[in-house]
Amino acid sequence: MMNDLPTILKLLSEQAAASKDEEEGLEEEDEEEHGETLCGACGENYATYEFWICCDMCEKWFHGKCIITQARAEHIKQYKCPSCTNEKLNSLNRVIKAPFVSTFAQVIARCAVMETTTRDEQLQAPKELSENFSNERRIVYVLGGPGSGKGTQCSKIVQHFGFCHLNVGDLLQAEVESGSEYGKMIQDLKKEGKLVPSDVVGKLLQQAMERSNKKKFLIDGFPRNEENRVLAENVLKIEPDLVLFLDCSEGEMTRRLLNRNQGRVDDNIDTIKKRLKVYAESTLPVIDYYCTKGKVRKIDGEKSIDEVFQEVKGVLEELDKP
Ligand SMILES: Nc1ncnc2c1ncn2[C@@H]1O[C@H](COP(=O)(O)OP(=O)(O)O)[C@@H](O)[C@H]1O
Ligand SMILES: O=c1ccn([C@@H]2O[C@H](COP(=O)(O)OP(=O)(O)O)[C@@H](O)[C@H]2O)c(=O)[nH]1
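Using this note's numbering, you'd call the opening residue of the sequence shown number 9 and step up by one each time.
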């Protein structure tokens with residue numbers, strides 16, 4: 009549910025017709041009705057001419073700007089706030105704990121941290137990310153289109169800087185290979201070049217981070233849309249220190265994917281076109297959002313692998329400086 013924002017026409021006619029006093033009266037009425045309402049995210053007051061949204065589960069109100077864009081809100085039937093989403097994540101966790109346990113044996117092997125995690129620890133339900141853990145973390149998001157070279161550069165970064173590399177595409181693939189109840193859905197979405205629901209991706213990422221025992225994370229290919237970003241910030245409490253953006257043309261990305269030769273179900277021309285569309289429509293706005301926060305380091309991904317890495321190295325060395 010959203011608050012009734014005045015249309016531009018209504019605003020203009022109100023301004024022309026109503027006296028200043030009447031307008032003040034109307035605002036007071038609105039203030040009286042919502043005066044006590046505070047945003048569930050930032051705790052600030054209701055403002056008449058701002059976009060507000062109400063959680064359909066807990067019925068708390070939020071400033072749109074704190075939670076979700078108005079354009080996106082208009083496309084969803086029911087809005088669920090971050091803490092209600094978190095509850096959903098926890099119940100999801102209870103339901104799919106067993107399949108995830110087997111998946112994470114594979115994930116942990118990928119992160120090369122198997123030796124630090126006993127089988128008993130793997131079987132424990134994931135804990136909330138502790139305060140301490142979240143305070144000391146270093147997080148770098150690696151974003152760019154499909155085939156822009158994210159995975160290639162991440163391998164080099166891991167060798168050079170020793171981050172824990174979490175590739176969300178790999179986490180999803182491990183889930184497919186584990187034969188879990190979510191495997192088929194994930195595989196079907198991947199074939200279609202569509203995004204997997206944020207709560208599933210969020211859960212996989214949260215568990216991988218919890219179990220890695222590492223503090224420096226390279227998160228590759230996530231967040232891919234606004235919903236992922238909001239979930240990362242408000243539910244997983246992940247805030248990147250830096251966003252490495254590998255900028256590459258569609259033509260070059262397509263050529264690379266068609267030559268990748270890894271037997272992937274999504275590296276064919278039809279699916280590539282769909283993935284590029286999802287990237288342009290959903291991921292670029294996320295990159296823009298981090299640009300406004302001054303976190304993006306744009307790298308020319310079109311150059312050779314080593315040239316790209318020279319640029320990436322310079323950026324990450326800057327991050328390590330006190
Ligand atoms: N700078 C580059 N120049 C040429 N080929 C590249 C470059 N970076 C990556 N590749 C190749 O392009 C393909 C896609 O790279 P990859 O790292 O898997 O992309 P992403 O993880 O962004 O989908 C791989 O076959 C990789 O070897
Ligand atoms: O945060 C993510 C990351 C990946 N995917 C899915 O996994 C596929 C492959 O992603 P990956 O990062 O492996 O490859 P890329 O498209 O970057 O080459 C995507 O098309 C999506 O279907 C997703 O839904 N959410």
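Here a beta-carbon is modelled for each residue, glycine too, at the ideal position from N, C-alpha and C.
Predicted model only: the values in this text are computed from it and were never measured.
Only exposed fits A288, as fewer than 16 other CB atoms lie within 10 angstroms of its CB. According to the DSSP assignment, V148 belongs to the beta strand (DSSP E) that extends over 146-152. 9 angstroms or more divides the Cβ of S163 from the Cβ of N233. According to the DSSP assignment, F70 belongs to the beta strand (DSSP E) that extends over 69-71. Looking at the backbone, the Cα of V323 and that of R305 are separated by about 7 angstroms. Residue pairing for N175: DSSP places it in a beta bridge opposite D228.
The beta-carbon distance between L174 and A240, rounded to whole angstroms, is 12 angstroms. This is too long to meet the 8 angstroms contact definition.
In summary, N269 is exposed, with fewer than 16 beta-carbon neighbours lying within 10 Å of its beta-carbon over all protein chains present.
Sequence-distant Cβ neighbours of K224 in its own chain, meaning closer than 6 angstroms and more than five residues away, are R146, F171. Pairing E218 with T279 gives a Cβ-Cβ distance that is not under 9 angstroms. The C-alpha of D308 lies about 43 angstroms from the C-alpha of N53. With contact defined as three or more Cβ pairs closer than 8 angstroms, the segment 184-192 and the segment 290-299 are not in contact. R264 sits in a helix when the DSSP states are folded into three classes.
V176 places its beta carbon 9 angstroms or farther from that of D249. When DSSP reads this structure, D308 sits in a beta bridge with D255. For I280, the enclosing alpha helix (DSSP H) stretches over residues 277-286.
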